[in-house]
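Presented below is the structure to which this report refers.
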Amino acid sequence: MAAALNLHARGRSIPDVAADLGTTPDRAVKLLGEGIAGMPAQQLDERRATSELRLNQVARLYGDLLDDADPRVTAQAANGLLTVERDRARLLGTWQKPPREDD
Numbered sequence: 019m020a021a022a023l024n025l026h027a028r029g030r031s032i033p034d035v036a037a038d039l040g041t042t043p044d045r046a047v048k049l050l051g052e053g054i055a056g057m058p059a060q061q062l063d064e065r066r067a068t069s070e071l072r073l074n075q076v077a078r079l080y081g082d083l084l085d086d087a088d089p090r091v092t093a094q095a096a097n098g099l100l101t102v103e104r105d106r107a108r109l110l111g112t113w114q115k116p117p118r119e120d121d
């Protein structure tokens with residue numbers, strides 16, 4: 019679980035984390051989910067803030083590409099920006115979920 023979190027924190031994608039751990043992407047997602055659920059709130063907030071910064075950087079790059087003269091580049095940039103905003107919505111949705119109560 020810690021290895022999956024560390025790899026993901028270094029910017030590795032889920033398929034890359036799975037390959038490095040010798041497991042499936044589904045298992046890597048499960049390990050990351052369990053690791054995140056077990057994190058102290060302060061550490062989790064730091065990771066969310068880091069993710070938000072990365073999303074801002076990527077969104078800025080796609081925003082700059084929207085002004086490109088090539089319509090294909092503009093279309094790809096718009097699609098990329100849409101993906102970034104979907105990811106941001108998921109991240110914000112995570113912030114809004116109440117903590118689980120143990121039965």
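Position 35 of the sequence shown, counted from 1, bears residue number 53 in this note's numbering, the numbering being contiguous throughout. The C-beta atom is built at its ideal place from N, Cα and C for all residues, glycine as well.
*asked:* Spatial neighbours of leucine 23 within its chain, please: C-beta separation below 6 Å, excluding the five flanking residues on both sides.
replied: Counting only Cβ-Cβ distances below 6 Å, and skipping sequence neighbours, we find Gly53.
*Report the rounded CA-to-CA distance for aspartate 15 versus alanine 37, giving the unit in angstroms.*
Because the chain is modelled from 19 through 121, residue 15 falls outside the range shown and cannot be assessed.
*Could I get the ranges of all uninterrupted alpha helix (DSSP H) runs contained in the region 25 to 79, with 4 residues as the minimum, in chain order?*
With a minimum length of 4 residues, the continuous alpha helix (DSSP H) runs that stay inside the region 25 to 79 are 32 to 39, 43 to 55.
*Specify whether the region 78 to 86 and the region 50 to 69 touch according to this definition: at least 3 beta carbon pairs, one from each stretch, less than 8 Å apart.*
Here the region 78 to 86 does not lie against the region 50 to 69, with fewer than 3 beta-carbon pairs under 8 Å apart.
_I believe leucine 73 touches aspartate 34 by the beta-carbon criterion, under 8 Å. Please report the beta-carbon distance rounded to the nearest angstrom._
Wrong, their Cβ atoms sit about 19 Å apart, outside the cutoff.
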